[in-house]
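Here the protein sequences line up with chains C and U, keeping their order. Start counting at 1 in the first sequence, then tack on 152, and there's your number in the numbering used here. Start counting at 1 in the second sequence, then tack on 4, and there's your number in the numbering used here. Just so it is clear, CB atoms sit at the ideal spot from N, CA and C, and this is done for glycine as well. Below you'll find the structure, written out as structure tokens, and then a few comments.
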Amino acid sequence: MMRILYMLYGAAVLVGLSIAQYQGWSLARVNEVKNVPRSVRDNPGSYRSVYSSYHHYTGGK
Amino acid sequence: MSAGGRTPPGKPQTRALNCPGCGAALTVRSFNNAVTIVCDSCHSILDAKDPNLQILQQFKAATDKDRPHIPLGTRGKIRGTDYEVIGFERRTIHVEGVAYSWHEYVLFNPFKGFRYLTEYDGHWNDCSTLKALPDVVSFSSPPKVKYLGETYKHFQTARASTSFVLGEFPWQVRVGESVEVSDYVSPPRVLSSEQTGNEVTWSMGEYMLGRDVWKAFRLPGSPPEAKGVYENQPSPMSGEVKSIWLTFAFLLLALVVLMIGFDLSAQNKDVFTGYYKYDSNQRGEASFVTDDFEVKGHTSNVELKTTTDLNNRWIYLNYALINETTGQAFDFGREVSYYHGYDSDGSWSEGSANDAVAVPGVPPGRYYLRVEPEGDPGHGMTYYTVTVKRDVPQYSFYAIALGALLLPAILLSWRALSFEHLRWAESDHPMISTSGGDE
């Protein structure tokens, strides 16, 4: 019984892994933005990233 | 834990008897087969082979102190054969000054003879005498014996004394008599040897659940709860551990096949490379957009790699991967920093001059990157390369999947090991000794 449950669990893990790989999942934190205006192409400064002014590393040991 | 001495059964007879000590009526259930009979009233041990029932010994005991769970005279079915409980004794061993007592029930069937039930802390064993001697396995530590092809590992040797008796016995029972008892286990079985002088008697016990004993003898109520782990108690995980690891091996193989399959089928292809520089001393708008590039195939990830010439500096890059047609953007920031030096502890380094990130679920289409670098004023010029790769296998998921597959197998193995640890903690060979054991 335990073996069958583990087999089912393992199969679910592998199916999940396959979906993740096929669909190109990632552990990275990425913000999705809809409808970015075409004007950004000509005026990159008009786009404001949500990651602007992010706290930056100030350096070294 | 062992059952007592043995006498072949004869044809049963019944006879009306009275105790010569107190005159109380004796109930004799296996007359010709009993060697000693114990009077329930005055606790006289009588010679059943003597027509006058000579008193062999008298002992003092509170009658109600240690009543058998299965009353004498109760009939039940063990392994398809009807048996009657005819005798009961308590035996005790002393280990490091602590007394451990167990109970033995003598069962009798006029055609099958005697068998025994033992009980310790709610753990039961169905015991019978061996018809052949076990073979001692040479040079084994701990000692082992072999019987009918099965190897039994030594568990404990102790001096056991009889501390209470009731009913009939097919041997010369005495309160206070002691024998050396050695137990060898191969769950759910146990082989026990009892040595008195040069005479050794072997018996085999098989673990029984209390509820099965209650069912066999149709006893009212419920059996006493089993405490702890008994020497030959079968592990609930026995057999499961091996099968789980075999299943794990199969799943691991499937994982490797998947990994190879995805590695071979992944595009893993550079779709864009750009070379840039950033001068942190320069004021004004630093953001810019790259040329557009084609991202092909099904919805998958793109990996964005940043390679810099940083040296004791940092740079922060706000990236937006923008679909030229739909306006959908994947917005993220990456900090790249690399510091190194030398101090009293020696040389040190932190971070890396390069960075890679996988952007998930990017549909096919034409894209461009908006890049906005930031850095501390005064750092000067930083040269960096941005590379975009389509459909890159993410090995972190394989590691997560491996961990997820390992977890149940490790937990089950740990539980099985804990069970065995508890089993052997009470033996002469504890698995982890705190006082210098031999294992």
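Start and end residues, beta strand (DSSP E) containing Glu376/U: Where Glu376/U is concerned, the enclosing beta strand (DSSP E) stretches over 369-378.
Gly84/U at chain B interface by Cβ criterion, 7 Å: Of the protein chains in this structure, namely C and U, none is chain B.
Buried versus exposed call for Pro174/U [16 or more other C-beta atoms within 10 Å across all chains shown]: Around the Cβ of Pro174/U, a 10 Å sphere holds 16 or more other Cβ atoms; the residue is buried.
Candidates Arg374/U, Trp352/U, Gly345/U, Trp318/U: closest to Asn327/U by CA position: That would be Arg374/U, whose Cα lies nearest to the Cα of Asn327/U.
CB of Ser201/C within 7 Å of CB of Asn322/U, strictly: Yes, the pair counts as a contact, with Cβ atoms nearer than the cut-off.
Interface flag, Ser198/C vs chain U, CB-CB below 7 Å: Taking Cβ atoms only, chain U never reaches closer than 7 Å to Ser198/C, which makes this a no.
Between the CA atoms of Glu244/U and Trp106/U - distance to the nearest angstrom: The alpha-carbon atoms of Trp106/U and Glu244/U are separated by roughly 31 Å.
Test: Leu409/U CB closer than 7 Å to a CB of chain C: Look at Leu409/U: its C-beta is under 7 Å from a C-beta on chain C.
Asp359/U at chain C interface by Cβ criterion, 7 Å: For Asp359/U, the answer is no, since every Cβ of chain C falls outside 7 Å of its Cβ.
CA-to-CA distance, Arg215/U to Pro227/U, given in whole angstroms: C-alpha separation (whole angstroms): 6 Å.
Under 7 Å (Cβ pairs) to chain C, residues found in the segment 246-270 of chain U: Under the 7 Å Cβ criterion, the segment 246-270 of chain U contributes Ser247, Ile248, Thr251, Leu255, Ala258, Leu259, Leu262, Phe266.
Residue-level contact to chain C via CB, Ala362/U, 7 Å cutoff: At least one chain C Cβ lies under 7 Å of Ala362/U.
Candidates His158/U, Ala360/U, Glu424/U, Arg287/U, of which the one nearest Ala180/C by Cα: Taking the Cα of Ala180/C as reference, the smallest distance to any Cα among His158/U, Ala360/U, Glu424/U, Arg287/U is reached at Ala360/U.
Cβ-based neighbour list, Ile90/U, same chain, cut-off 6 Å, excluding 5 preceding and 5 following: These residues qualify, in order along the chain: Arg33, Ser34, Val110, Phe112, Gly171, Glu172.
Three-state secondary structure assigned by DSSP to Ala180/C: In this structure, DSSP gives Ala180/C a state outside helix and strand, which the three-state scheme calls coil.
In DSSP terms, what Glu93/U is bridged to: Glu93/U is bridged by DSSP to Glu108/U, Val169/U.
Neighbour-count burial assignment, Gly8/U, 16 or more Cβ in a 10 Å radius: At Gly8/U the pLDDT is 46, less than 50, meaning the model places this residue with poor confidence; the figure from the coordinates comes in the next sentence. When all chains shown are included, Gly8/U counts as buried.
Chain C contact residues for Pro1/U, given Cβ-Cβ distances below 9 Å: It is not possible to answer for residue 1/U, since the shown part of chain U is limited to 5 through 443.
Distance between Ile41/U and Pro75/U (C-alpha atoms, nearest Å): Taking the straight line joining both Cα atoms gives about 16 Å.
Trp418/U (DSSP reduced to helix, strand or coil): The DSSP-derived three-state label of Trp418/U is helix.
Three-state secondary structure assigned by DSSP to Lys148/U: Correct three-state label for Lys148/U: strand.
Nonlocal neighbours in the same chain, by C-beta distance under 6 Å from Ser437/U, ignoring five residues either side: The pLDDT assigned to Ser437/U is 49, lower than 50, so where the model puts this residue is not dependable; a value taken from the coordinates is nonetheless given after this. Within the same chain, Ser437/U has no close Cβ partners at all.
CB contact flag (Glu184/U, Gln199/U, <7 Å): Yes, these two residues count as a Cβ contact at 7 Å.
Lys281/U vs Thr391/U beta-carbon contact at 7 Å: Annotated as distal: Lys281/U and Thr391/U, with beta-carbon spacing of 7 Å or more.
CA-to-CA distance, Gly232/U to Ser439/U, given in whole angstroms: Confidence at Ser439/U is low in this model, with a pLDDT of 46, below 50, so the placement of that residue is unreliable and no value is reported for it.
Cβ pair Tyr156/U, Ser182/U closer than 7 Å: Contact: no.
Exposed unless 16 or more other CB atoms sit within 10 angstroms - verdict on Asn183/C: Using a 10 angstroms sphere on the CB of Asn183/C, the tally of other CB atoms stays under 16, which defines it as exposed.
Buried or exposed (CB count within 10 angstroms, at least 16 for buried), Pro138/U: The C-beta of Pro138/U has 16 or more other C-beta atoms within 10 Å across all chains shown, which makes the residue buried.
Residues near Cys26/U in its chain [Cβ-Cβ closer than 8 Å; skip 5 each side]: Around Cys26/U: Cys43, Ser45, Cys46, Ser48.
Proximity below 7 Å, CB of Lys116/U to CB of Thr85/U: Between Lys116/U and Thr85/U, the CB-CB gap stays under 7 Å.
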